[in-house]
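What follows is a single structure, written as structure tokens, with notes after it.
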Amino acid sequence: MWFLIPVLSVELYTINQKTMITMKTINSILLLFLISCAHLSAQHRGNYNEITQDISRQNILSSGNAQIYNPTAKKQINQTLHPSNILTVDVKALQNVSATTYTAIFNVSQMGPSAEITNQLMKARIDQIKNRLNAKGITQNNIAIDVISFIPIYEVEVTKKLFSKTYTEVPKGFELQQNIHIQFTKTNQFEAILEACAQSEVYNLVKVDYYIENIQDVYKNLQDQLLKLIEEKKAYYKVLGFDMSDYNVAIADDKYCYFPKDFYQSYQAYNSTSVEALDKNKGVTTAKKQTSYYYQPLTYENYDVVINPSILEPVVQIGMNIKLAFTPKPIEKAALPIVETKIDHKYYVISPNGTIDVKELNTKK
Numbered sequence: 001m002w003f004l005i006p007v008l009s010v011e012l013y014t015i016n017q018k019t020m021i022t023m024k025t026i027n028s029i030l031l032l033f034l035i036s037c038a039h040l041s042a043q044h045r046g047n048y049n050e051i052t053q054d055i056s057r058q059n060i061l062s063s064g065n066a067q068i069y070n071p072t073a074k075k076q077i078n079q080t081l082h083p084s085n086i087l088t089v090d091v092k093a094l095q096n097v098s099a100t101t102y103t104a105i106f107n108v109s110q111m112g113p114s115a116e117i118t119n120q121l122m123k124a125r126i127d128q129i130k131n132r133l134n135a136k137g138i139t140q141n142n143i144a145i146d147v148i149s150f151i152p153i154y155e156v157e158v159t160k161k162l163f164s165k166t167y168t169e170v171p172k173g174f175e176l177q178q179n180i181h182i183q184f185t186k187t188n189q190f191e192a193i194l195e196a197c198a199q200s201e202v203y204n205l206v207k208v209d210y211y212i213e214n215i216q217d218v219y220k221n222l223q224d225q226l227l228k229l230i231e232e233k234k235a236y237y238k239v240l241g242f243d244m245s246d247y248n249v250a251i252a253d254d255k256y257c258y259f260p261k262d263f264y265q266s267y268q269a270y271n272s273t274s275v276e277a278l279d280k281n282k283g284v285t286t287a288k289k290q291t292s293y294y295y296q297p298l299t300y301e302n303y304d305v306v307i308n309p310s311i312l313e314p315v316v317q318i319g320m321n322i323k324l325a326f327t328p329k330p331i332e333k334a335a336l337p338i339v340e341t342k343i344d345h346k347y348y349v350i351s352p353n354g355t356i357d358v359k360e361l362n363t364k365k
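Residue numbering for the sequence shown follows UniProt numbering, starting at 1 and increasing by one per position.
Structure, rendered in structure tokens:
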């Protein structure tokens, strides 16, 4: 509605001034007005809402192995609760850990007329990078070279004959590709690395890997925090009148580790078409809009414990979940008395001489 008032005021002013407005100009203004209204809500929410989930902080075509998070606020008012005789303890913990070392990987491509010259040119460029980095405190021990490929380059040579032409591929040079692995310990060293590589015309940053030491200590810390929470939950149920010894327990647990490269999102800032170009009926040549990237880590609304919650730079996020389900033990039925059935056998002897003389044989001695 705030866009509607100035548009109407301009229209009334032009009518009073008896300015001739062509139908084409009116249509252009209305079109611009509709486009502005369509993007009104996006402007109010900020540029971060114009997210395209495409690539992370790397130039390779990979979307990472973790889910991209763009959470929305969940309403917690008047939720319907469903009582159950199964007690559930579900606790989650997250720890933000700064990397102890980083490894930046740059791709270098060099072409030359021969294998020897190509290798010499590549070596000269890499040596220049090493010397500049050494002056910045990054020694040769923190640099490694990974040879990717060394292949010939072919061109098509045309051979003219009397009645035909022959196209033949002939080698004209060589192409050598290598990756430079540069290890550093402080994030402010990365600018010096970029500058050193750019001076040797190396611009292709493949990725930046994060490494942390003693990850088992981090998991142990998370486990201790979760065990404390579980004991508090069990004490809470005991206060409510539940005896945990009357329940059978089942458990499921999980742990994970997410790196910053998996949580970079991209967006394009809101922009509009020039009003002057529409008024003068000029053609508009659209320019390529800059794509911006930002780091969006895991949010904390689903976690019971967050260690080092305030972060200034991208971190490694390590988490652990433990879920317990307590089900009531089956009620034991009272034992029924055992009825023993005993058969008393009797034996009789008949005399063989024909006289009827039946005697009972006593076998109970």
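Where is the CB? At the ideal position from N, CA and C, for every residue including glycine.
Asked	Found
Nearest residue (CA-CA) to Val202, options Ile230, Lys220, Val108, Ile182	Val108
Residue 383 - partner residues in DSSP beta bridges	Lying before the first or after the last residue shown, residue 383 is absent from the chain, which here runs from 1 to 365.
Span of the beta strand (DSSP E) around Ala334	Where Ala334 is concerned, there is no enclosing beta strand (DSSP E), given that its DSSP letter is neither H nor E.
3-residue-minimum beta strand (DSSP E) runs that sit fully inside the stretch 80-154, ordered along the chain	87-97, 101-112
With 16 other Cβ atoms within 10 Å as the buried cut-off, status of Met244	exposed
Straight-line Cα distance separating Glu116 from Val147	15 Å
Straight-line Cα distance separating Ser84 from Asn248	15 Å
Of the listed residues Tyr264, Ala269, Lys288, Thr291, nearest to Pro297 (C-alpha basis)	Tyr264
Ala252 (DSSP reduced to helix, strand or coil)	strand
Cβ neighbour criterion (16 or more within 10 Å) applied to Ile153	exposed
Local conformation of Pro352 per DSSP, three classes	coil
Reduced DSSP category for Tyr234 - H, G, I as helix; E, B as strand; rest coil	The identity of residue 234 in the sequence shown is Lys, whereas the question assumes Tyr. Here Lys234 sits in helix by DSSP.
Cβ neighbours of Thr291 in the same chain (closer than 6 Å, five flanking residues each side left out)	Ser266, Gln268
Proximal residues to Thr88 (C-beta, below 8 Å), its chain only, five neighbours per side dropped	Lys323, Leu324, Ala325, Phe326
Whole-Å CB distance - Gln189 paired with Ile138, under 8 Å assumed	7 Å
Ordered list of beta strand (DSSP E) runs contained in the stretch 155-193, each at least 3 residues	165-184
Enclosing beta strand (DSSP E) for Ser266 [first to last residue]	264-268
Leu34 burial status per 10 Å Cβ neighbour count (16 or more: buried)	Confidence is the limiting factor: at Leu34 the pLDDT is only 45, short of 50, which leaves the residue's position unreliable, though a coordinate-based value still follows. Leu34 should be labelled exposed.
Given Asn169 as reference, the closest of Asn179, Val158, Leu176 once Cα atoms are compared	In the sequence as displayed, the identity of residue 169 is Glu instead of Asn. It is Val158 whose Cα lies nearest to the Cα of Glu169.
Buried/exposed call for Thr185, threshold 16 Cβ in 10 Å	exposed
Tyr300 vs Tyr210 beta-carbon contact at 8 Å	no
Coarse secondary structure for Gln317, derived from DSSP in three states	strand
Residue environment, Asn302, which counts as buried when at least 16 other CB atoms sit within 10 Å	exposed
In DSSP terms, what Ala325 is bridged to	Thr88, Ala250
Beta bridge counterpart(s) of Asp209 as assigned by DSSP	Thr103
Span separating the alpha-carbon of Glu187 from that of Asn221	In the sequence as displayed, the identity of residue 187 is Thr instead of Glu. Approximately 26 Å, taken between the alpha carbons.
DSSP bridge partner residues for Val291 (one or two, in chain order)	Note that residue 291 is Thr in the sequence shown here, rather than Val. Answer by DSSP bridge pairing, in chain order: Gln268.
Under the three-state DSSP convention, the category Asn78 falls into	coil
Residue burial classification, Tyr256 (beta-carbon count within 10 angstroms, cutoff 16)	exposed
Spatial neighbours of His345 in its chain, beta-carbon cut-off 7 Å, leaving aside the 5 residues before and after	none
Secondary structure of Asn214, DSSP reduced to three states	coil
Rounded straight-line distance, which links the Cα of Val208 to that of Glu313	14 Å
C-alpha gap between Asp305 and Leu81, whole angstroms	For the record, residue 305 in the displayed sequence is Val; it is not Asp. Taking the straight line from one Cα to the other gives about 24 Å.
Cβ-based burial, Pro330 [other Cβ within 10 Å; buried from 16]	exposed
Nearest residue (CA-CA) to Asp262, options Val316, Leu226, Asp246, Ile215	Val316
Sequence-distant residues of its chain with Cβ nearer than 6 Å to Gln177 (five each side left out)	Ser109, Ile148, Ser149
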